[in-house]
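So the protein sequences, as listed, match chains A and B.
Quick note: the first sequence uses the working numbering, first residue -6, plus one each step.
Quick note: the second sequence uses the working numbering, first residue 3, plus one each step.
Idealized CB from N, CA, C, for every residue including glycine.
Small disclaimer: the values here were computed from a predicted structure and weren't measured.
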Amino acid sequence: MPMVAVRHLSKSFGAVKALTDVSLDVAKGEVVCLLGPSGSGKSTLLRCVNHLEKPDAGAVWLNGELIGYRREGDRLLELPDPQVARQRRRFGMVFQRFNLWPHRTALQNVMEGPLRVGRRPAREARERAEALLARVGLADKADAWPAQLSGGQQQRVGIARALAMEPEVMLFDEPTSALDPELVGEVLAVMRDLARSGITMMVVTHEVGFAREVADRVVFMDAGTVVEEGPAAQVLGQPRQARTRAFLSAVLA
Amino acid sequence: MLPDARTLRVVQRRRPGRWLATILVLALLALVIRAFALGQIEWSVVGEYMTAPVILAGLVNTLVMTVCAMALGLALGVLAAVMSMSPNPVMVGVAKFYIWFFRGTPLLLQLLLWFNLALIFPRLGIPGLFEARTVDVITPFVATWLGLGINQGAYTAEVVRSGILSVDRGQAEAAQAVGMTRIQAMFRIVLPQALRVIVPPVGNEVVSMVKLTSVASVIQFSEILRNAQTIYYANARVIELLIVAAAWYLAAVTVLSLFQAMLERRLARGVSTAGRPA
Ligand SMILES: Nc1ncnc2c1ncn2[C@@H]1O[C@H](COP(=O)(O)OP(=O)(O)O)[C@@H](O)[C@H]1O
Ligand SMILES: [Mg+2]
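Structural data, given as structure tokens:
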């Protein structure tokens, strides 16, 4: 059984079709990179996976568990918010614009989830958060406020915050797109380590080099559909579809 | 050829308007002072009643009511704001109705309604659990508290709502992504950040509330103005007692305004230091 099973997802915003019948499987421990031009529905797909966005049609399963709904025969009944929230803990999400909580220190950003949602004892939550900050190379920034950190540091705190809930799947939505070029490397390094640790990852990125090196599989999206998917070397090396070739040559230019 | 800028001096521009304004203001002030000095005001009576026990009791009641009504108003305002942004249309409807009704009717009318609640419901309570006569429950204090607090809540709701809207959507999403419910995200992540927008107008409203309590004199709540009236009904020193009341309102408002200015400076400081690198 796939770790994440995305089946026949469609989602519109008014007249804009963000996703049209998208299906995708991610195996346990697999790193899947999602590539595609801006507006192709990559963010919407990730946000449907952890049910931040409610799909119009189709559904997502995590390890066989339906996300956001209860099935009765062929009907999907919406779960109440607390139950969806409980399911969301099993995904970690990293945002393009970091979305750190500015009124909490780096350590508090990481601790907040385990403390308030996981109901861990404060001592344990703090020790784990300190270990996670050390893991992303920010042990000395525990008491810094987000505004005192560089973009790369903020994003690494964001990764630590997502890891704090011990998720089964990590979702990255263009984690380096908002960074100054010289700060991209430190974030990619942390993600490379994570990938090696065997955690399942779905990564939306424009970093073709990172995808080639780290991804087990690359999915190319355009206009709300999956245009092409396959092993990284194949999709990035010998793309079959004209749209993929056009995109890659534009990005690599 | 340009002149040497180091040898040039700036000379203050003449401002005849200022002089004219000063003279006018001084003249007006002299007229007013003369009028008050010649008018039928016993300043010794004013001084005597400034610290009269009844007046001081009224001052205490005014301040206590300001605190109680603002507390109720804030609680209801936050509740109504959060409800009005809920995905549940019933909640939204209730919140919108509350805001519409209490902003759409005069405060004085609302106070009279609360005070005369016994005319609609002679008895209050939960059947089987407890029951009481409405006239015993709805004292002038309670009627004023409900009237001012519930009215204030309808206004505060809009302030809280704009505060919530000022916080980036990504903040709540990040909270939901770690598994917080919508409500948890609201109270732990969004509202604390919304305070920066909410506090200044609410501070203003605290100051207004001090004066607004005087409206409750019509339903026999013994705040400053009502107590001043009680005295002048007996001794006919109307203007003197109104001056006493005015002085106390001004004093309370001035002190509160100073507090508010301090609070706003503190909030602003939080923002500017947060932006400074370590
Ligand atoms: N909340 C939203 N409201 C309206 N339109 C949206 C919203 N989110 C996404 N869209 C639209 O859906 C399409 C796909 O967006 P998105 O998933 O963000 O693409 P990508 O992440 O690949 O750039 C775009 O046309 C975008 O404008
Ligand atoms: Mg996107």
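Here residue 64(A) carries a strand assignment [DSSP, helix/strand/coil]. Exclusion of residue 123(B) from the 6 Å shell around ligand 1 follows from its C-beta lying no nearer than that to any non-hydrogen atom of the ligand. With the criterion set as a beta carbon lying under 7 Å from some beta carbon of chain A, the members of the segment 176 to 190 of chain B are 176, 178, 179, 180, 181, 182, 183, 184, 186, 190, in sequence order.
Contact with chain A is found for residue 195(B), since one of that chain's Cβ atoms lies less than 7 Å from the residue's Cβ. Residue 35(A) has its Cβ nearer than 6 Å to a heavy atom of ligand 1.
By the neighbour-count definition (other C-beta atoms within 10 Å, threshold 16), residue 35(A) is a buried residue. By the Cβ neighbour-count rule, residue 250(B) is buried, with 16 or more other Cβ atoms within 10 Å of its own.
Per the DSSP secondary-structure output, residue 85(A) pairs in a beta bridge with 163(A). Neighbours of residue 88(A) in chain B, taken as residues whose beta carbon is under 9 Å from its own, are 172, 175, 176, 179 in chain order.
Our two residues, residue 156(B) and residue 89(B), have alpha carbons roughly 20 Å apart in a direct line. Each residue's CA atom was taken as its position, placing residue 195(B) and residue 97(A) some 10 Å apart. Shown in chain order are the members of the segment 87 to 115 of chain A whose Cβ falls below 8 Å from a Cβ of chain B: 88, 90, 92, 93, 94, 95, 96, 105, 106, 109, 110, 111. When only Cα atoms are considered, residue 37(A) and residue 169(A) end up about 18 Å apart. Shown here for residue 116(B): same chain residues with a beta carbon closer than 6 Å to its own, the five before and five after excluded, namely 145, 148, 149 in chain order. If the five residues before and after residue 125(A) are omitted, its C-beta is found closer than 7 Å to the C-beta atoms of 103, 153, 156, 157, all from its own chain and listed in chain order. Setting aside the 5 residues that flank it on each side, residue 232(A) is surrounded in the same chain by 213, 221, 238, 241, each with a C-beta closer than 8 Å to its C-beta; the list follows chain order. Under the DSSP assignment, residue 85(B) falls in the alpha helix (DSSP H) whose first and last residues are 55 to 86.
Listed in chain order, the non-local C-beta contacts of residue 140(A) below 7 Å within the same chain comprise 95, local neighbours out to five positions each way being set aside. Within a 10 Å sphere around the beta-carbon of residue 223(B) sit 16 or more other beta-carbons, which makes this residue buried. Taking a Cβ-Cβ threshold of 7 Å, the residues of chain B close to residue 78(A) are 178, 181, 182, 183, in chain order.
At a cut-off of 7 Å between C-beta atoms, residue 74(A) counts as an interface residue with respect to chain B. Not one heavy atom of ligand 1 lies closer than 6 Å to the C-beta of residue 5(A).
Annotation for residue 7(B): no alpha helix (DSSP H) segment contains it, and DSSP assigns it neither H nor E. Relative to the non-hydrogen atoms of ligand 1, the Cβ of residue 31(A) comes within a distance shorter than 6 Å of at least one. Closest in alpha carbon position to residue 54(B), among 232(B), 263(B), 252(B), 162(B), is 232(B). Taken through DSSP and simplified to helix, strand or coil, residue 127(B) comes out as strand. Residues -6, -4, 161 of the same chain have their beta carbon placed closer than 8 Å to that of residue 56(A), with the five preceding and five following residues left out of the count. Residues 151, 154, 155, 158 of the same chain have their beta carbon placed closer than 7 Å to that of residue 75(B), with the five preceding and five following residues left out of the count. For residue 56(A), none of the residues of chain B pass the 8 Å Cβ criterion, the least Cβ distance being about 17 Å. Between ligand 1 and residue 118(A), a heavy atom-to-CB distance of less than 6 Å is absent. In the three-state DSSP reduction, residue 173(A) falls in the coil class, being neither helix nor strand. The C-beta of residue 102(B) has fewer than 16 other C-beta atoms within 10 Å across all chains shown, which makes the residue exposed. Interface annotation, residue 158(A): in contact with chain B, CB-CB separation under 7 Å.
Inter-segment contact for the segment 192 to 209 of chain B and the segment 163 to 170 of chain B is present: three or more beta-carbon pairs are separated by less than 8 Å. With distances taken between CA atoms, residue 135(A) lies nearest to 100(A) out of 151(A), 100(A), 129(A).
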